[in-house]
């Protein structure tokens, strides 16, 4: 039977090799995200042949669609056996149309139930759009960015020498906005701490926008597949007009070489976050529906 374990930094090398084989663009297929958010979702990891599987046990068993290569019918059947041994049905999150097709090649349609989960869909943008803010649809972003550039601003890469400044900035944001009052806010702060404490080992990229010596915004991400850069964290100070769109475009300009797409992750069903992400004009929404496979009859 599948043998799940806590996710640690020691898993990065073998996990990255298997993730590369699938070349998925979803934000959950970044090792840094797997590790940073494992506490929030109570998730664990398992290797089965040449597949990597994660499972969350926070609200019952919920699997991530396996990444790697090999016989999908085999690995999906193993996942179902694990669920049944726990007295539960097989539930797979983050299923797009292609993955649903693979699932249907293993299980009967009569036993498959699909539920949309739009709050978990990733927002995908063209890198060239966010790097330039060209055209009428980006008129507002361009204006806000130009207003920011009236400050005495600068951009710098996150390094060992300035990472303490970033930690202080994110801690101030956490306290001033009372993020400790919500479970998701506490989980995000733990994820941010994980990114910073393991920044080099996780292979992350990140940047800082300053106005004079003060941090106006920070952003952290990584390349998730062969043509997509994912943004994990973006924080900006409301004190400086236009800091968010300015951070977005500078991050893309500095770190998206070789990437056609930018993944700015999901909105979690939060209306304000949804409005913000839509305002950057995504070219697609990466589906992540929930598939439940009933027990075989």
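In our numbering, the protein residues as written are 2 to 298. Even glycine gets a Cβ: it sits at the ideal position worked out from N, Cα and C. As the structure is a prediction and not an experimental result, all values here were calculated from the model.
Separation of residue j from residue i, as counted between CA atoms
| i | j | result |
| --- | --- | --- |
| residue 209 | residue 35 | 24 Å |
| residue 97 | residue 144 | 36 Å |
| residue 227 | residue 12 | 21 Å |
| residue 280 | residue 88 | 44 Å |
| residue 177 | residue 237 | 13 Å |
| residue 173 | residue 291 | 36 Å |
| residue 14 | residue 188 | 25 Å |
| residue 155 | residue 59 | 42 Å |
| residue 48 | residue 4 | 8 Å |
| residue 278 | residue 134 | 14 Å |
| residue 190 | residue 282 | 27 Å |
| residue 63 | residue 10 | 22 Å |
| residue 244 | residue 124 | 20 Å |
| residue 141 | residue 167 | 28 Å |
| residue 86 | residue 234 | 37 Å |
| residue 126 | residue 114 | 30 Å |
| residue 192 | residue 186 | 10 Å |
| residue 257 | residue 229 | 8 Å |
| residue 181 | residue 249 | 25 Å |
| residue 84 | residue 90 | 6 Å |
Residues sharing a beta bridge with residue i, DSSP
| i | result |
| --- | --- |
| residue 68 | 53 |
| residue 158 | 208 |
| residue 287 | 123 |
| residue 262 | 127 and 229 |
| residue 236 | 219 |
| residue 300 | Beyond the ends of the chain as shown, which are 2 and 298, falls residue 300; an answer cannot be given. |
| residue 61 | 59 |
| residue 46 | 6 and 55 |
| residue 164 | Bridge partners of residue 164: none, in fact. |
Residue i, buried or exposed, once every other Cβ within 10 Å from all chains shown has been counted against 16
| i | result |
| --- | --- |
| residue 271 | exposed |
| residue 150 | exposed |
| residue 267 | buried |
| residue 100 | buried |
| residue 246 | buried |
| residue 269 | exposed |
| residue 298 | Below a pLDDT of 50, predicted positions are generally treated as unreliable, and residue 298, at 47, falls in that range; the measurement from the model is reported next regardless. Counting Cβ neighbours within 10 Å, residue 298 comes out exposed, since fewer than 16 surround it. |
| residue 211 | buried |
| residue 121 | buried |
| residue 131 | buried |
| residue 239 | exposed |
| residue 16 | buried |
| residue 8 | buried |
| residue 95 | buried |
| residue 81 | buried |
| residue 128 | buried |
| residue 109 | exposed |
Of the listed residues the options, nearest to residue i (C-alpha basis)
| i | options | result |
| --- | --- | --- |
| residue 30 | 37, 38, 39 and 20 | 20 |
| residue 52 | 173, 18 and 40 | 18 |
| residue 255 | 126, 222 and 47 | 222 |
| residue 46 | 40, 137, 55 and 28 | 55 |
| residue 197 | 154, 153, 169 and 127 | 169 |
| residue 26 | 293, 296 and 288 | 288 |
| residue 264 | 77, 274, 285 and 258 | 285 |
| residue 61 | 165, 207, 71 and 92 | 92 |
| residue 39 | 235, 231 and 194 | 194 |
| residue 295 | 65, 105 and 95 | 105 |
| residue 157 | 217, 225 and 65 | 217 |
| residue 75 | 214, 37, 103 and 94 | 103 |
| residue 183 | 41, 24, 214 and 204 | 41 |
| residue 215 | 44, 153 and 66 | 153 |
| residue 224 | 213, 250, 262 and 202 | 262 |
| residue 147 | 117, 180, 79 and 241 | 241 |
| residue 251 | 219, 165, 275 and 65 | 219 |
Minimum length 3: unbroken beta strand (DSSP E) runs contained in the segment 79-133 | 91-96, 113-116 and 123-127
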